[in-house]
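Asks: One structure, as structure tokens, below. Some questions next.
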Amino acid sequence: MGRPATLADLRRICEDLPETELGSTWGDVPSYVVPRGPKGRAFCMYRQPRKDAIDPATGEGYQDLIVIRTAERGFSSARPAIASSLVKPVHTTGAG
Numbered sequence: 003m004g005r006p007a008t009l010a011d012l013r014r015i016c017e018d019l020p021e022t023e024l025g026s027t028w029g030d031v032p033s034y035v036v037p038r039g040p041k042g043r044a045f046c047m048y049r050q051p052r053k054d055a056i057d058p059a060t061g062e063g064y065q066d067l068i069v070i071r072t073a074e075r076g077f078s079s080a081r082p083a084i085a086s087s088l089v090k091p092v093h094t095t096g097a098g
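Residues 3 to 98, numbered by this note's numbering, are exactly what the sequence shown covers, in order.
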């Protein structure tokens with residue numbers, strides 16, 4: 003791996019995917035969505051800073067948080083492999 007992906011890299015990847023567009027979810031959160039149902043389905047969302055997302059080296063909150071949504075079924079068994087392949091920090095939820 004050469005370097006961690008930037009938000010610009012993520013934007014380019016999402017915009018290059020077929021049938022993907024920038025929309026909003028969770029109120030007014032910028033999100034990349036694909037057609038599914040009347041509103042589409044978000045798979046990548048920018049997230050507001052959270053009090054539990056702290057850089058341990060500086061003690062400052064991370065400002066560039068994203069949520070990546072995967073298929074619900076079967077993800078809990080793949081979660082450790084996916085999380086270990088990503089640049090840290092990674093936070094997963096209990097939903098799987």
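Each residue gets a CB set at the ideal place from its N, CA and C atoms; glycine is no exception.
Flag residue 19 as yes if its beta-carbon sits less than 8 Å from any beta-carbon of chain D, otherwise no.
Replies: As a matter of chain content, chain D is missing from the structure shown, which is built from one protein chain.
Asks: Between the Cα of residue 138 and the Cα atoms of 54, 49, 32, which residue gives the shortest distance?
Replies: Residue 138 falls outside the range modelled here, since the chain spans only 3 to 98, and no answer is possible.
Asks: Here's the rule: buried if 16 or more other CB atoms are within 10 angstroms of the residue's CB, otherwise exposed. What is residue 59?
Replies: Residue 59 comes out exposed.
Asks: Please list, in chain order, all residues of the same chain as residue 42 whose beta carbon is under 7 Å from its beta carbon, the five residues on each side excluded.
Replies: Excluding positions up to five away in sequence, the list reads 25, 35, 36.
Asks: Would you say the beta carbon of residue 35 comes nearer than 7 Å to a heavy atom of the ligand GDP?
Replies: Absence of the ligand GDP is noted for the structure shown, with no ligands found whatsoever.
Asks: Less than 8 Å between the C-beta atoms of residue 54 and residue 64, yes or no?
Replies: No, the pair does not count as a contact, with Cβ atoms beyond the cut-off.
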